[in-house]
Amino acid sequence: MSGPLAGYRVLELAGIGPTPFCGMMLADMGAEVIVVDRVDAKADFSRVAQHVLNRGRRSIAIDLKNPDGIELFMKLVETADGLIEGFRPGVAERLGVGPDACWERNPGLVYGRMTGWGQEGPLSATAGHDIDYIAVSGVLGAIGRVGDRPVPPLNLIGDFGGGGLLLAFGVVCGLLESRESGLGQVIDAAMTDGSAVLSTMMHGMAASGLWDLNKKGVNILDTGAPWYDTYETSDGGYMAVGAIEPAFYGAFIDGLGMTDVDLPEPHDRASWPALRGVFADRFRQRSRAEWTTIFEGSDACVAPVLALGEAATHHHNLERQTFIEVGGSVQPAPAPRFSRTVADPPAMPPEFGADSEALLGELGIDPETIAGLRAAGVIA
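Per the numbering used here, the sequence shown starts with residue -4, numbered consecutively.
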């Protein structure tokens, strides 16, 4: 394997959403990530539904409710640099694979824990999903137009940005520290914490009097400002406008063909509704393709709003290979990109338990014993 994380081995206790995304990010960067699947995972729809997130891994299926399965898992722990799991607090401990148990076998193991509410706190033991975590962090309440209900931004902020990505960052930090100390530690990655961190700039702007933390749709980046918004075109498409700085705003007005029009001052908040109406009327005069032709290549900070299904065929994304095809499935390519330690293209997601025998063989377990473990249902 190649890539900046080549040489590191991370165990991933199979889960959904943010934990597999973390594993994908680590695998994309060259780490050897081994998914520890349940022996009944073939019937688990969640694993099928997030198929692409499992790319680039090896898979071993172990019954962690069986003492023999726990011992096999611990033999893997002895070979690993890190571990990630997304159980509710206390579940790993009850299974016998919590941090303390793992450190008895490998004191240097970095133990990453992904939850919504965190390992402690009054809500830590309760269920939730992305939408709940970003609601309590204040992020959901900040998204949407004034007077409208909050709009969930898919599950990008809690599950992935403030969840899996922050866990991956934490694990890498833990691995770097462990190289110096020789000791592992717990990485407590909570989606409430992570989504709150992603909103840091808004809190900073509020401290400077530039953002109202208690209102949505009235600030410069939340559709409050008419020069940072989306506009419908004549054919039902949309254009995204982000003409914040004066030079970019000037290029935007020029592209609209309105340099000779007496427009309200762009930073006069009282004039924002009127200015938005002017822009909306203008955009409705041409199609999305026509506006794209007008603005592309300029510094107006205007772009067509593409559907997810369109993005892979946009000429910029095609040239940069932002999307790739793995096993017939179009998907985003690994990011970020490294100039020297370039990672291998991601491999197909593994079949359930595809590497069970090979991994146990690498641990020195003979084929006859492996066959017995399979017959007993300890592995699959």
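We treat Cβ as the ideally placed atom computed from N, Cα and C, and that holds for glycine.
Model, not experiment: these values are computed from the prediction.
By the neighbour-count definition (other C-beta atoms within 10 Å, threshold 16), PHE68 is a buried residue. Taking 8 angstroms as the upper bound for CB-CB distance, ARG4 and ALA56 are not in contact here, some 18 angstroms apart.
Spatial neighbours of ALA163 in its own chain (CB-CB distance under 7 angstroms, excluding positions within 5 residues in sequence) are listed in chain order as CYS17, MET20 and LEU21.
At a Cβ-Cβ threshold of 8 angstroms, PRO13 and GLY158 count as neighbours. The beta-bridge partner set that DSSP reports for ARG108 consists of GLU80 and ASP183. Contact between the stretch 257 to 269 and the stretch 193 to 207 is absent: fewer than three C-beta pairs spanning the two stretches fall below 8 angstroms.
Rounded to the nearest angstrom, the Cβ distance from VAL34 to ALA375 is 4 angstroms, consistent with a contact under 8 angstroms. Distances from the alpha-carbon of ASN150 to those of ASP127, SER176, PHE278 and ILE29 put ASP127 closest. Looking at the DSSP output, ARG4 shares a beta bridge with GLU27. Under the criterion of beta carbons closer than 8 angstroms, TRP286 and PHE274 do not qualify as touching, at roughly 11 angstroms. Distance from the CA of GLU363 to the CA of LEU90, rounded to the nearest whole angstrom, comes to 27 angstroms. Note: ARG53 is bridge-paired with ILE29 in the DSSP secondary-structure output. By the neighbour-count definition (other C-beta atoms within 10 Å, threshold 16), THR225 is an exposed residue. Pairing TYR223 with ILE248 gives a Cβ-Cβ distance that is not under 8 angstroms.
Between ARG283 and LEU270, the alpha-carbon positions lie close to 20 angstroms from each other. In this structure, the straight-line span from the alpha carbon of ASN101 to that of GLU320 is close to 38 angstroms. Annotation: the continuous beta strand (DSSP E) that includes SER324 extends over 324 to 327. DSSP places VAL321 within a strand segment (E or B) once states are collapsed to three.
Between the beta-carbon of SER54 and that of VAL30 there is about 5 angstroms, and that keeps the pair under the 8 angstroms contact cut.
The beta carbon of VAL166 is closer than 8 angstroms to those of VAL5, CYS17, LEU21, GLY77, ILE79, VAL105, GLY107 and ILE182 in its chain, skipping five residues each way along the sequence. About 35 angstroms separates the Cβ atoms of ASP63 and ALA338, ruling out a contact at the 8 angstroms cut-off.
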